[in-house]
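J.: In the working numbering, the protein residues as written are 924 to 1264. Using N, Cα and C, we set each Cβ at its ideal position, and we do this for glycine too. I have a structure I would like to understand better, so I am pasting it below and will then ask my questions one at a time.
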Amino acid sequence: MREEIQNIRNEALAQLIEAKTADEVERLRIIYLGRNGKVNKLTKKLKSLKTQEKKEVGSLLNDTKDTLIFQIGKRKNQLKYGVRQWFDPTIPGKKPVIGHLHLITQAIEEISSIFEKIGFTRVRYPEVEWDYYAFESLNMPKDHPARDVWETFFVDSKKDKKYGQMVLTPHTSSGQIREMERIKNPPIRMINIAKCFRRELDASHTPMFHQFEGLVIDKDISIAHLKGTLDYFAKNYFGPERKTRLRPFHFQFTEPSFEVDISCGICKAKGCKVCKEGWLELGGAGMVYPSVLKNGGIDPQKYTGFAFGWGVERVVMMKPGLNIPDLRLLYSSDLRFLRQF
Ligand code: PHE
């Protein structure tokens, strides 16, 4: 009997595919599922089977009946409304995939909002930039050895008499002079966040990365203002118990210049396995060099200023709780990595 059931099922499905009109399908329905149809005839035969057999064959027959009911309904609809309009409202919908902002974009927004709260204006300056803004106006004339630190990509462009060749900005300090030219009369409170490019690639460097550059120019701006601003940022971005420390350093465009460190969040500056000496290096800072102010059209007798420039990726990697072993992962487009943030 099992074979008989299978045969009826296959026969019915084959005929359904052949059916060309809804009426033809209806005729098939009567042949198979009608009161005197083939399925019912078999149901009647079940009585003669032994209990165990009856159970098994009965269940097979029920399945076959369900399949036929479903397929007949489906084929009828197809022929009546066309394949595309067949719509089963009981099938669960497909959820649209909802993405989120990249970790670095999130950080850029967070950094901007921290500085905007204390009166900084977020700006962006060209990422393909003149040599003049990237180096020359910052006390690094052509062939100056200090340029070597910024492993620069040069653009194959025509040279300009005043502005020189074009480069991919190796740091956001190129926005300093541009901002002075834009504002003209201080106060200036700029936060410039942009892509930077250098010929470097390893676990903690990618050829494209981001920096955020602060520039404040006004009357009587001192190192105390710089230190206060850095502490404010460290506490708001990393946590209220963090502090910054200034270490003497050298940059061509600031004097005095500093490297800024932040107290280790684990040992609170006592020294531990992670930080070794209690402090972690954040980035550069200093008081704007008088000749840089002059290059930006600002009178260094009247005004002073400070600047700092740090890597966005660097501060993200140092954020407590994020343990990113390799910077390159950020730009690998591996969704399994990116979806975590
Ligand atoms: N531009 C410097 C760098 O890329 C950082 C810096 C910015 C230093 C502003 C001093 C002042 O390393």
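Tell me which same chain residues have a C-beta within less than 7 Å of the C-beta of residue 1203, skipping the five on either side of it?
T.: Numbered from its first residue, the sequence shown carries residue 1203 at position 280. For residue 1203, where only same-chain residues beyond five positions count, the Cβ hits under 7 Å are 1184, 1185, 1187 and 1241.
J.: In angstroms with no decimal places, state the Cα-to-Cα distance between residue 1164 and residue 1194.
T.: Locating residue 1164 in the sequence shown gives position 241, counting from the first residue. Locating residue 1194 in the sequence shown gives position 271, counting from the first residue. In a straight line, the C-alpha of residue 1164 is about 15 Å away from that of residue 1194.
J.: When every heavy atom of the ligand PHE is checked, does at least one fall within less than 6 Å of the C-beta of residue 1096?
T.: Taking the first residue of the sequence shown as position 1, residue 1096 is located at position 173. Yes, Cβ of residue 1096 sits closer than 6 Å to a heavy atom of the ligand PHE.
J.: Counting only the same chain and skipping the five closest in sequence on each side, list residues whose C-beta sits under 7 Å from that of residue 972.
T.: The residue labelled residue 972 in the question sits at position 49 within the sequence shown. Same-chain partners within the cutoff: 980.
J.: Flag residue 1030 as yes when its Cβ comes closer than 6 Å to any non-hydrogen atom of the ligand PHE, and as no otherwise.
T.: Here residue 1030 refers to the residue found at position 107 when the sequence shown is read from its first residue. Incorrect: residue 1030 has no Cβ contact closer than 6 Å to the ligand PHE.
J.: Short check: CB of residue 1054 to CB of residue 1088, under 7 Å?
T.: For the purposes of this step, residue 1054 is taken as the residue at position 131 of the sequence shown. For the purposes of this step, residue 1088 is taken as the residue at position 165 of the sequence shown. Cβ distance < 7 Å, so residue 1054 and residue 1088 count as in contact.
J.: Pull up the DSSP beta-bridge partners for residue 1069, would you.
T.: As a first step, residue 1069 is located in the sequence shown; it is residue number 146 there, counting from the start. Note: residue 1069 sits in no beta bridge, so no partner.
J.: Measure the alpha-carbon distance for residue 1015 versus residue 938 and round it to whole angstroms.
T.: For this step, residue 1015 is matched to residue 92 along the sequence shown. For this step, residue 938 is matched to residue 15 along the sequence shown. Distance between the alpha carbons of residue 1015 and residue 938 is about 30 Å.
J.: For the stretch 961 to 972 and the stretch 1018 to 1032, state whether three or more C-beta atom pairs, one from each stretch, are separated by less than 8 Å.
T.: As far as the Cβ criterion goes, the stretch 961 to 972 does not touch the stretch 1018 to 1032, which means the pair count is below three.
J.: Do you know offhand how far residue 1201's Cα is from residue 1229's?
T.: Working through the sequence shown from its first residue, we reach residue 1201 at position 278. Working through the sequence shown from its first residue, we reach residue 1229 at position 306. Cα to Cα, residue 1201 sits roughly 26 Å from residue 1229.
J.: What are the start and end residues of the beta strand (DSSP E) that includes residue 1082?
T.: Here residue 1082 is taken as the residue at index 159 of the sequence shown, counted from 1. Looking at the DSSP string, the run of the beta strand (DSSP E) that includes residue 1082 is 1077 to 1083.
J.: Leaving out five residues before and five after residue 1068 in sequence, what residues of the same chain have Cβ atoms less than 8 Å from its Cβ?
T.: Residue numbering aside, residue 1068 sits at position 145 when the sequence shown is read from its first letter. Here the set comprises nothing.
J.: Give me the Cα-Cα distance between residue 1078 and residue 1049, rounded to the nearest whole angstrom.
T.: Translated into positions along the sequence shown, residue 1078 becomes position 155. Translated into positions along the sequence shown, residue 1049 becomes position 126. Each residue's alpha carbon lies about 13 Å from the other.
J.: Tell me which same chain residues have a C-beta within less than 7 Å of the C-beta of residue 1253, skipping the five on either side of it?
T.: Numbered from 1 along the sequence shown, position 330 holds the residue referred to as residue 1253. Excluding residues within five positions, the ones whose Cβ falls inside 7 Å are 1026, 1027 and 1236.
J.: Could you check whether residue 1090 and residue 1112 sit closer than 7 Å to each other, using their CB atoms as the reference points?
T.: The residue you call residue 1112 lines up with position 189 of the sequence shown. The residue you call residue 1090 lines up with position 167 of the sequence shown. Not in contact: residue 1112 and residue 1090 (Cβ atoms no closer than 7 Å).
J.: Could you give the DSSP three-state label for residue 1167: helix, strand or coil?
T.: Sequence index remark: in the sequence shown, residue 1167 carries index 244 (1-based). It is a strand residue.
J.: Spell out the partners DSSP gives residue 1156 in its beta bridges.
T.: On the sequence shown, position 233 is the one that residue 1156 refers to. Per DSSP, none; premise fails for residue 1156.
J.: Is it right to say residue 1096 is buried, meaning 16 or more other beta carbons lie within 10 angstroms of its own, or is it exposed?
T.: Translated into the one-based positions of the sequence shown, residue 1096 becomes position 173. So residue 1096 ends up on the buried side.
J.: Spatial neighbours of residue 1044 within its chain, please: C-beta separation below 8 Å, excluding the five flanking residues on both sides.
T.: Start at 1 with the first residue of the sequence shown, and residue 1044 comes out as number 121. Answer for residue 1044: 1112, 1113 and 1114, listed in chain order.
J.: Mark residue 1180 as exposed unless 16 or more other C-beta atoms lie within 10 angstroms of its C-beta, in which case mark it buried.
T.: Sequence index remark: in the sequence shown, residue 1180 carries index 257 (1-based). Residue 1180 is buried by the Cβ-count criterion.
J.: Tell me the rounded alpha-carbon separation between residue 1093 and residue 1101.
T.: Against the sequence shown, residue 1093 aligns to sequence position 170. Against the sequence shown, residue 1101 aligns to sequence position 178. Spanning the two alpha carbons is a distance of roughly 15 Å.
J.: For the stretch 1168 to 1180 against the stretch 1203 to 1223, are there 3 or more C-beta pairs whose distance is under 8 Å?
T.: Touching, yes.
J.: Using the Cα positions of residue 965 and residue 934, report the straight-line distance between them to the nearest angstrom.
T.: As a first step, residue 965 is located in the sequence shown; it is residue number 42 there, counting from the start. As a first step, residue 934 is located in the sequence shown; it is residue number 11 there, counting from the start. Cα to Cα, residue 965 sits roughly 15 Å from residue 934.
J.: Bridge partners of residue 993, per DSSP?
T.: In the sequence shown, residue 993 corresponds to position 70, counting from 1. Residue 993 pairs with nothing; no bridge assigned.
J.: Per DSSP, residue 1119 forms a beta bridge with which residues?
T.: Your numbering for residue 1119 matches position 196 in the sequence shown. 1132.
J.: Grab me the residues of residue 988's own chain with a C-beta within less than 8 Å of its C-beta, minus the 5 sequence neighbours each way, in chain order.
T.: The residue you call residue 988 lines up with position 65 of the sequence shown. Counting only Cβ-Cβ distances below 8 Å, and skipping sequence neighbours, we find 956 and 962.
J.: By Cβ distance, which residues of its chain are closer than 8 Å to residue 1074, with the 5 residues on each side in sequence left out?
T.: On the sequence shown, residue 1074 is found 151 positions in, with the first residue counted as 1. Contacts found: 1093, 1121, 1122 and 1123.
J.: Mind checking who residue 1111 pairs with in its DSSP beta bridge?
T.: Locating residue 1111 in the sequence shown gives position 188, counting from the first residue. For residue 1111, which the question treats as bridged, DSSP gives the partners 1140.
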